[in-house]
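**Student:**
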Amino acid sequence: MTPVPFEVESARSLPGPRWLRDRRASAAATLAGAELPTTEEEVWRYSRIAELELGAFRLVEHASGDEPEALRPVIDLVPERAGVIVVRNGRVVRAELADDLASKGVFFGALAEAENPSSLLGSVASAGPDVFALMNDAFAADPVALVVPSGVVVEAPFAVAHWIDEEAAAVLPRLVVTTGEGSEISVLEYYGSAAVTALMVPLVELSVGPAARVGYVGVQDLAPSVWQVGSHVSAVDRSGVLRSAAAMLGGDYARLRMDCRLVGRGAQGDLMSVYFGEGHQTLDLRTFQDHRAPDTSSELTFKGAVSGSARSIYTGLIKVEPDARGTNARQSNRLLKLSEDAWAESVPNLEIETNDVRCSHASAVGPVDEDQRFYLESRGVKPEVAQRLVVTGFFEEVLAQLPVPGVGEPLRARIIDKLEGGGA
Amino acid sequence: MSELAIADLRVSVDGKPILDGINLTVCSGEVHAVMGPNGSGKSTLSHVIMGKPGYEVVAGSVTLDDCDVLAMEPWQRAQAGLFLAMQYPTEVPGVYLDDMLTEAFEAGDRGDRALVEARLVREAAAIGFDETFLHRPLNVDLSGGEKKRNETLQLGVLQPKIAVLDEIDSGLDVDALRLVSRRIEEETNRRGLGVLAITHYSRLLSELKPDVVHILVRGRIVQTAGPELAGRLEETGYAAWEPPENGGTEVGIRGHLHREHPDPFADPFADPFADPLA
């Protein structure tokens, strides 16, 4: 029974237009009566939620200066981009959008400056999925929005980069993406931090319009002293396609919940993840493939590794509601256990309320395949190189199909980094 | 001139003896065939030569030009000049053929990616292997025959001194078998590659002409002769060389016969239940 310490007054004191401050205050009031979840709830089982001391963190009251140098190489990864937003300690410090896109009616910037901003916030994640989403509603200092009108096709990705460098900060990033009928876009979001102790509670809302195509890659590479409790919530309309990927690399305890609702006939929602825990990290992934309309499909492909004494948790649910005839859903979580002390749990679940569906799930936790390593070594490859090739090869299935081009290579390099530094 | 020498090699798996004193020497330019029925220890022999984990060498030695092969790690054996074409080449998702060979070359200071790429193209042409296979994950989604061509291709790129071919013929159609055999023969003639070809059927040996044929039964080489032995095998099958059912530790029907191993040089056509003390 831990009361949530963030106060209504602090929500009200955050900057922004009146509607936003009212909305925050109302969320904060609801939050004040709420409690943090416990591991008795299935979706929080194995989590480290009991260790969270909200009182140890404080909201960042002032915008903190310039664009952080440390983000430059990250932004340079997408040299050809439709726009870029840099958020430091929860405040937008840079926002750019290609001129031709602005003239086509695309909005990319601080949400408060968008048209009809109050309708954007919460358009996908109006309720939940948990108390941390409510916390984001109450305390997100500077929500970011991307609004793409019908029929607009943008080749280059939009980039949003977050940086935390204030000790004991509680940062609650919010990104809302709304796409009109037949539009096509991709988004790269990056979360990084300096070596501070901090709490990050991100919430991403992705709304995929009819026959729209959206690619999203979220890369979380926070310092190993930062906690993350985050959610990606998406809704895909008729014949829309969402391909959404999460790279989970950093954090002390880093949790991400990915909910994908397929609400229109023929909608498709594919979820991917690469995650790699080393040292004492705990990576906690929860997924929900929610089929609400007929002929919808979803394919979940997660690949993870744990080394050192890292822990990882994956639980996933495919739910097929009574109307969702003709659903085709797959779920696969595979994980490499690279050391004796590493620990991993993988629990897939199905809940099917109609006939005429095709669902499958696969889950595997094991060491690096000895035969694969031997094959490489038998050709003259050194054991440590064989290990590196097999492990990166294992992740390749996801890295090769990330919906934002150019991201696979740096992620591969970062995985090698973690593999070689991680006491594997 | 290289020499792979196997002497009195005894190998167990989970405490169960599989190889029971193998003696075999392959020199540069020679083609040896080891033939045997299922379960005779053929694949064990190939795995132990290359150092696959899971086998316990109880006694004996394997040397390559007087270097102790059994003391080396698998990658060192490859760098020393050994190659194993596997019976069931392992699928390695996400690892590309050219990347693996480049790493193998770098580990041996033998050259860089450019050299590997050039050799790959040349070798692919030599055995009719589509170049699109060169940039695909290792053995993934390849047919049985394509996997065997892939093994042969790697042999051509890596240019070992001695190659162990474990059932290289399985999965290959007649034309592919001919191409693969020609390529290996070329290596033998031009570079002096030594070959130890392990096979169940004599089919391979009509293409890959062996100098010496060994018959391996229950972990022992029971006969060694020229290529004509393969022909004889074709007629009689392995039954002629098979010891009686319960094999190694045999208790005679009258209870007083107790023999550790069947005598490999005994007349294969003799009555196996005959009492030698009678």
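Each protein sequence line maps, in turn, to chains A and B.
For what it's worth, numbering that gives the first Met the number 0 labels the leading residue of the first sequence as 0, then goes sequentially.
For what it's worth, numbering that gives the first Met the number 0 labels the leading residue of the second sequence as 0, then goes sequentially.
The beta carbon of each residue, even a glycine, is placed where N, CA and C say it ideally should be.
Note that the structure is predicted; figures quoted are calculated from it, not measured.
Here's a check: name, in chain order, each residue in its chain whose Cβ is nearer than 8 Å to the Cβ of D97(B), leaving out the five neighbours to either side.
**Tutor:** R112, V115, E116, L119, L133 and H134
**Student:** For A58(B) and L8(B), what's the separation of their Cα atoms in angstroms?
**Tutor:** 6 Å
**Student:** Between A158(A) and G82(A), what straight-line distance do the alpha-carbon atoms span, to the nearest angstrom?
**Tutor:** 6 Å
**Student:** Per the DSSP calculation, V146(A) is bridged to which residue(s)?
**Tutor:** F106(A) and T177(A)
**Student:** In chain A, which residues lie less than 7 Å from M49(B) when you measure between Cβ atoms?
**Tutor:** Those are S377, listed as they occur along chain A.
**Student:** What's the call for D251(A), buried or exposed, on a 16-neighbour Cβ count within 10 Å?
**Tutor:** buried
**Student:** Scan the region 23 to 53 of chain B and note each continuous alpha helix (DSSP H) run of 4 residues or more that stays entirely inside, going in chain order.
**Tutor:** 41 to 49
**Student:** Whole angstroms is fine: what's the gap from L13(A)'s alpha carbon to Y215(A)'s?
**Tutor:** Approximately 29 Å, taken between the alpha carbons.
**Student:** Determine, for E72(B), whether the minimum Cβ-Cβ distance to residues of chain A falls below 8 Å.
**Tutor:** yes
**Student:** Do we get a CB-CB distance below 8 Å when we pair T89(B) with the residues of chain A?
**Tutor:** yes
**Student:** So, under 8 Å CB-CB, A462(A) and L19(A) are touching, yes? Tell me the CB distance rounded to an integer number of Å.
**Tutor:** Because chain A is modelled from 0 through 423, residue 462(A) falls outside the range shown and cannot be assessed.
**Student:** Would a check of beta-carbon distances place R9(B) closer than 8 Å to chain A?
**Tutor:** no
**Student:** Can we say the region 284 to 303 of chain A touches the region 267 to 275 of chain A, given the rule of at least three CB pairs closer than 8 Å?
**Tutor:** yes
**Student:** Name, please, each residue of chain A whose Cβ falls closer than 7 Å to the Cβ of L69(B).
**Tutor:** Per Cβ cutoff of 7 Å: no residues; L69(B) is ~15 Å from chain A at best.
**Student:** Using the three-state DSSP reduction, which class does Q227(A) fall into: helix, strand or coil?
**Tutor:** strand
**Student:** Establish whether the CB of L152(B) and some CB of chain A are separated by less than 8 Å.
**Tutor:** Under the 8 Å criterion on CB atoms, L152(B) is classed as non-interfacial with respect to chain A.
**Student:** Let me know if A304(A) comes out buried or exposed under the rule of 16 or more other beta-carbons within 10 Å of its beta-carbon.
**Tutor:** buried
**Student:** Whose C-beta lies closer than 8 Å to the C-beta of P36(B) among residues of the same chain, with five residues either side of it excluded?
**Tutor:** H199, V216, Y237 and E241
**Student:** Please state if the CB of G38(B) and the CB of G193(B) are separated by a distance shorter than 8 Å.
**Tutor:** no
**Student:** Taking DSSP as the reference, what is the three-state secondary structure of P209(B)?
**Tutor:** coil
**Student:** Grab me the residues of G246(B)'s own chain with a C-beta within less than 6 Å of its C-beta, minus the 5 sequence neighbours each way, in chain order.
**Tutor:** At G246(B), the pLDDT of 46 sits below 50, so the modelled position is not reliable; the number obtained from the coordinates is stated separately. R217.
**Student:** By the 10 Å Cβ neighbour count, where 16 or more other Cβ atoms means buried, how is D220(A) classified, buried or exposed?
**Tutor:** buried
**Student:** Taking all protein chains shown into account, do 16 or more other C-beta atoms lie within 10 angstroms of the C-beta of N188(B), making it buried, or fewer, making it exposed?
**Tutor:** exposed
**Student:** Please specify which runs of the alpha helix (DSSP H), each continuous and at least 4 residues long, are wholly inside the region 62 to 126 of chain A, giving them in chain order.
**Tutor:** 71 to 75, 98 to 102 and 116 to 119
**Student:** Give me the DSSP bridge partner(s) of E188(A).
**Tutor:** V159(A) and G217(A)
**Student:** For L334(A) and G365(A), I'd like the C-alpha separation in whole angstroms.
**Tutor:** 7 Å
**Student:** Quick one: what's got a C-beta closer than 8 Å to A224(B)'s C-beta in the same chain, skipping five residues either side?
**Tutor:** V211 and V212
**Student:** What does DSSP give as the partner residues of W342(A) in its beta bridges?
**Tutor:** R310(A)
**Student:** Could you name the residues of the region 117 to 136 of chain B whose beta carbon sits closer than 8 Å to any beta carbon of chain A, in the order they occur along the chain?
**Tutor:** Of all residues in the region 117 to 136 of chain B, only P136 place a beta-carbon less than 8 Å from a beta-carbon of chain A.
**Student:** So if DSSP puts R260(A) in a beta bridge, which residue, or which two residues, is it bridged to?
**Tutor:** A234(A) and D289(A)
**Student:** Compare the Cα-Cα distances from A62(A) to each of Q386(A), V86(A) and L53(A) and report the closest residue.
**Tutor:** Measuring from the Cα of A62(A), the nearest candidate turns out to be V86(A).
**Student:** Helix, strand or coil: which one does DSSP assign to D7(B)?
**Tutor:** In this structure, DSSP gives D7(B) an extended state, which the three-state scheme calls strand.
**Student:** Are the CB atoms of E114(A) and F106(A) within a distance shorter than 8 Å?
**Tutor:** yes
**Student:** Within this structure, are the beta carbons of A70(B) and G379(A) separated by less than 8 Å?
**Tutor:** no
**Student:** First and last residue of the alpha helix (DSSP H) that includes M134(A)?
**Tutor:** V130 to F138
**Student:** Pick helix, strand or coil for Q400(A), following the three-state DSSP scheme.
**Tutor:** coil
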